[in-house]
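Chemist: Keeping their order, the protein sequence lines are chains W and U.
Residues 1 to 115 in my numbering are what the first sequence spells out, letter by letter.
Residues 116 to 229 in my numbering are what the second sequence spells out, letter by letter.
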Amino acid sequence: DGGITQSPKYLFRKEGQNVTLSCEQNLNHDAMYWYRQDPGQGLRLIYYSQIVNDFQKGDIAEGYSVSREKKESFPLTVTSAQKNPTAFYLCASSILRGPDSYGYTFGSGTRLTVV
Amino acid sequence: GQQVMQIPQYQHVQEGEDFTTYCNSSTTLSNIQWYKQRPGGHPVFLIQLVKSGEVKKQKRLTFQFGEAKKNSSLHITATQTTDVGTYFCAGYSIGGTSYGKLTFGQGTILTVHP
Numbered sequence: 001d002g003g004i005t006q007s008p009k010y011l012f013r014k015e016g017q018n019v020t021l022s023c024e025q026n027l028n029h030d031a032m033y034w035y036r037q038d039p040g041q042g043l044r045l046i047y048y049s050q051i052v053n054d055f056q057k058g059d060i061a062e063g064y065s066v067s068r069e070k071k072e073s074f075p076l077t078v079t080s081a082q083k084n085p086t087a088f089y090l091c092a093s094s095i096l097r098g099p100d101s102y103g104y105t106f107g108s109g110t111r112l113t114v115v
Numbered sequence: 116g117q118q119v120m121q122i123p124q125y126q127h128v129q130e131g132e133d134f135t136t137y138c139n140s141s142t143t144l145s146n147i148q149w150y151k152q153r154p155g156g157h158p159v160f161l162i163q164l165v166k167s168g169e170v171k172k173q174k175r176l177t178f179q180f181g182e183a184k185k186n187s188s189l190h191i192t193a194t195q196t197t198d199v200g201t202y203f204c205a206g207y208s209i210g211g212t213s214y215g216k217l218t219f220g221q222g223t224i225l226t227v228h229p
């Protein structure tokens, strides 16, 4: 079955550490996205990528970095510069980006906690 | 930039009652999408509306897109406990700095009491 796999499901980070969240899709989708979800704030876009080796900042990119070396993979690194990283992180993909994309497919998410 | 507002933020209903959530955009939308997120889960795409005044139904769910393409609603008839979750709308702005970007509303959290 096609879908998006995010790992790990739960992640604990110490202050000052960088951590990388994995996102892999086998849907052959061109566009991939990272969202952050906090209670009562909906989904906020961190980074997105329309094509391999290209990505763009979203609304809250500070303290995060991404790469897109393969079409299937879009890992997110939460750096020590991110002041409040505790949140639920969701990866998504779509066939295209923009209004012709139809719906997004989301992964099951990674819950990151700073300890 | 574009803003998408949803009301109410929370809704508690008795099983069998109807439920409606409303979505309003600060800019005109090219289309609007609706997602459902079960507690502890991830958003799942429900439907996309494209045309002005469009109405679509999925069993007990009715989705509407406003004539001016700036608002939308989701109505659930005779709620069931399986309807529990957060319902998000998300819209694409037709122009300006938000063009091509899908903006999510804050979501409406639905609780259904048996």
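Virtual Cβ for every residue (Gly too), placed ideally from N, Cα, C.
Quick one: Cα of W:Leu11 to Cα of U:Gln163, how far?
Modeler: Taking the first residue of the first sequence as position 1, residue 11 of chain W is located at position 11. Taking the first residue of the second sequence as position 1, residue 163 of chain U is located at position 48. Cα to Cα, the separation comes out at about 33 Å.
Chemist: With distances taken Cα to Cα, identify the nearest neighbour of W:Ala87 among W:Gly42, W:Glu72, W:Ser49 and W:Met32.
Modeler: As a position in the first sequence, residue 87 of chain W is number 87, starting the count at 1. Out of W:Gly42, W:Glu72, W:Ser49 and W:Met32, W:Gly42 has the C-alpha closest to the C-alpha of W:Ala87.
Chemist: Is there contact between the stretch 197-205 of chain U and the stretch 139-158 of chain U, where contact requires at least three CB pairs shorter than 8 Å?
Modeler: At 8 Å Cβ cutoff, the stretches touch.
Chemist: Look up U:Asp198 in the DSSP assignment and say whether it is helix, strand or coil.
Modeler: Counting from one through the second sequence, the residue named residue 198 of chain U turns up at place 83. Note: U:Asp198 maps to helix in three-state DSSP.
Chemist: Considering Cα atoms alone, identify which of W:Cys91, W:Tyr104, W:Leu96 and W:Val66 is closest to W:Lys9.
Modeler: Within the first sequence, residue 9 of chain W is the residue found at index 9, counting from 1. Checked all of W:Cys91, W:Tyr104, W:Leu96 and W:Val66; the closest Cα to W:Lys9 is W:Cys91.
Chemist: Assign U:Arg153 to buried or exposed, taking buried as 16 or more other Cβ atoms, counted over all protein chains shown, within 10 Å of its Cβ.
Modeler: Locating residue 153 of chain U in the second sequence gives position 38, where the first residue counts as 1. Exposed is the call here.
Chemist: So for U:Glu182, helix, strand or coil by DSSP?
Modeler: Residue mapping note: residue 182 of chain U aligns to position 67 of the second sequence, counting from 1. Looking at U:Glu182 - three-state DSSP - the assignment turns out to be coil, as it is neither helix nor strand.
Chemist: Go through its chain and collect everything with a Cβ distance to W:Phe106's Cβ below 6 Å, but skip five positions before and after it.
Modeler: Translated into the one-based positions of the first sequence, residue 106 of chain W becomes position 106. Once the five neighbours on either side are set aside, the close Cβ partners of W:Phe106 are Leu90 and Ala92.
Chemist: Quick one: which chain W residues come within Cβ less than 8 Å of U:His157?
Modeler: The sequence position of residue 157 of chain U within the second sequence is 42, counting from 1. Within 8 Å Cβ-Cβ: Leu90, Phe106, Gly107, Ser108 and Gly109.
Chemist: Starting from W:Tyr47, follow its DSSP beta bridges and name the residues at the other end.
Modeler: Within the first sequence, numbered from 1, the residue matching residue 47 of chain W stands at position 47. Its beta-bridge partners are W:Trp34 and W:Lys57.
Chemist: Excluding five sequence neighbours on each side, which residues of the same chain lie with their C-beta closer than 6 Å to the C-beta of U:Gly131?
Modeler: Within the second sequence, residue 131 of chain U is the residue found at index 16, counting from 1. Ala193.
Chemist: Quick one, which residues of the stretch 43-59 of chain W are near chain U if we go by CB-CB under 9 Å, in chain order?
Modeler: Hits within the stretch, in order: Leu43, Arg44, Leu45, Tyr48, Gly58 and Asp59.
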